[in-house]
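Everything on this sheet refers to the single structure shown next.
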Amino acid sequence: MSDAAPPDVSDGHAVDRFVEIGSLTKVVTGTALARMATSGVVGLDDPLERWLPETPRTGITLLHLAQHTSGLPRLPPRVSRRDPYAAFDRRAVHELLIRLDAIAARPPGRQEEYSNLGYAILGEALTAAAGTTYEELVTEYVLRPLDIAEVTANPDPSRRLSATGRFGRPRRPWTMHGAILPAGGLWATPRAAADLVVRLLVERRLGDPAPSWQTAGTLRWHNGATRDASVFAGATDDGRWVLIHRLNGAPEETDHAGVALLKRRRTAS
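Each position in the sequence shown, counted from 1, maps to that position plus 97 in my numbering.
Below, the structure written as structure tokens:
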């Protein structure tokens with residue numbers, strides 16, 4: 098999906114079925130942080146222990162978590178290969194908080210290191226500050242103001258679109274509705290994911306883009322991947338945008354396809 102043409106759908110995909118969007122979820126979480134900061138609910142520079150008091154004083158702020166500069170590793174300890182986040186529930190994340198100073202690989206603010214663990218903890222801090230669930234806070238601060246409904250952690254099974262295995266049977270998705278949800282557990286229809294891109298990056302209905310977006314020159318982008326799905330979303334300052342979602346496709350190929358499409362549009366214009 099892009100600004101240049103109607104949706105291009107093939108191989109059984111659909112713009113109105115719910116699909117995993119993986120780490121594109123981080124854009125929603127980061128936007129919630131920015132909106133809550135604007136509303137005075139939290140401060141971007143709030144130390145983590147303000148909202149999660151069992152955390153030792155590490156110097157990590159909410160903004161460090163959003164920008165991947167917290168010094169925390171990419172993944173929680175002891176994730177499995179088959180279903181990595183199945184056991185990573187709220188109890189598990191709070192058990193990590195009390196020894197976060199030992200888990201951090203370096204002091205905060207010194208180096209960027211992409212961290213799913215950091216976003217899981219950011220989501221936990223935001224829910225503590227809001228006094229509500231993750232889904233409720235992103236609905237209040239992000240989805241409802243953008244007039245987007247088709248984003249959720251638990252879509253109706255009849256509207257899910259999952260990858261298929263060797264014999265054509267739907268594959269069971271990873272368990273992503275626990276503590277890892279703010280880092281990568283949301284589902285959305287491709288139509289809703291495209292609306293997120295346009296309304297956040299092109300129309301800027303909620304102000305400047307959140308710190309969760311990656312930047313490369315005039316391009317703001319984010320991708321996402323689970324075992325069976327991959328997505329690339331991005332927009333340039335001149336209003337070009339693209340959203341690509343694939344099932345059973347290599348994430349690197351999805352990223353390359355998105356960037357190539359934006360480059361072709363730039364050359365054509």
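Backbone N, C-alpha and C define an ideal beta-carbon position, used for all residues, glycine too.
Because the structure is a prediction, the values reported are computed rather than measured.
Checklist entry - If we ignore side chains and look at the alpha-carbon of each, how far apart do Glu151 and Ala332 end up? => result The alpha-carbon of Glu151 is positioned some 39 Å away from that of Ala332.
Next on the checklist: What does DSSP give as the partner residue(s) for Gly321 in the beta ladder?
Outcome noted: Val328.
Item to check | Other residues of its chain near Gly282: CB distance less than 7 Å, five sequence neighbours each side excluded | outcome: Hits under 7 Å: Thr122, Ala250, Met273, His274.
Next on the checklist: Please return the same chain residues whose Cβ sits closer than 7 Å to the Cβ of Val138, not counting the five positions on each side in sequence.
Outcome noted: Apart from the 5 residues on each side of it in sequence, Val138 sits with its Cβ closer than 7 Å to the Cβ of Ala226, Ala227 in its chain, given in chain order.
Next on the checklist: Residues in the same chain with beta-carbon distance under 8 Å from Arg207, minus the five sequence neighbours each way, listed in chain order, please.
Outcome noted: Close CB contacts of Arg207 within its chain, under the 8 Å cut and outside five residues either way in sequence, are with Thr166, Gly168 (chain order).
Next on the checklist: Nearest by alpha-carbon distance to Pro173: which of His161, Ala163, Asp186 is it?
Outcome noted: For the set His161, Ala163, Asp186, the Cα lying nearest the Cα of Pro173 is the one of Asp186.
Checklist entry - Would the beta-carbon of Leu307 fall within 8 Å of that of Gly127? => result Rather than Leu, the amino acid found at residue 307 in this sequence is Ala. Result yes, Cβ atoms of Ala307 and Gly127 sit closer than 8 Å.
Checklist entry - From Leu159 to Trp148, what does the alpha carbon distance come to, in whole angstroms? => result About 10 Å.
Checklist entry - Just the Cα atoms here: how many angstroms apart are Leu340 and Leu316? => result Spanning the two alpha carbons is a distance of roughly 13 Å.
Next on the checklist: Quick check: what's the CA-CA separation for Ala134 versus Asp143?
Outcome noted: The straight-line gap from Cα to Cα measures roughly 10 Å.
Checklist entry - Looking at the structure shown, is Val116 part of a helix, part of a strand, or coil, going by DSSP? => result For Val116, the three-state secondary structure derived from DSSP is strand.
Checklist entry - How about Leu344 and Ala260: do their beta carbons lie closer than 8 Å? => result Yes; because the gap between Cβ atoms is below 8 Å, this pair is in contact.
Checklist entry - Alpha carbon to alpha carbon, what distance is there between Trp338 and Asp352? => result Looking at the two C-alpha atoms, the distance is approximately 13 Å.
Next on the checklist: Is it buried or exposed, Gly304, if we count other Cβ atoms within 10 angstroms and call 16 or more buried?
Outcome noted: Burial check for Gly304: the Cβ neighbour count within 10 Å stays below 16, so the residue is exposed.
Item to check | Residues near Trp318 by beta carbon distance below 6 Å, same chain, minus five either side | outcome: Only Gln311, Gly331 meet the Cβ criterion.
Item to check | Distance between beta carbons of Gly321 and Ser327, contact taken as under 8 Å | outcome: Between Ser327 and Gly321 the beta-carbon gap is near 7 Å, inside 8 Å, which marks them as a contact.
Checklist entry - Where in the stretch 243 to 299 do unbroken runs of the alpha helix (DSSP H), each at least 4 residues long, occur, reported from the N-terminal end onward? => result List check, alpha helix (DSSP H) in window: 278 to 281, 287 to 294.
Next on the checklist: Going by DSSP, what residue range makes up the alpha helix (DSSP H) through Arg343?
Outcome noted: Element bounds for Arg343: not the alpha helix (DSSP H) but the beta strand (DSSP E), 338 to 344.
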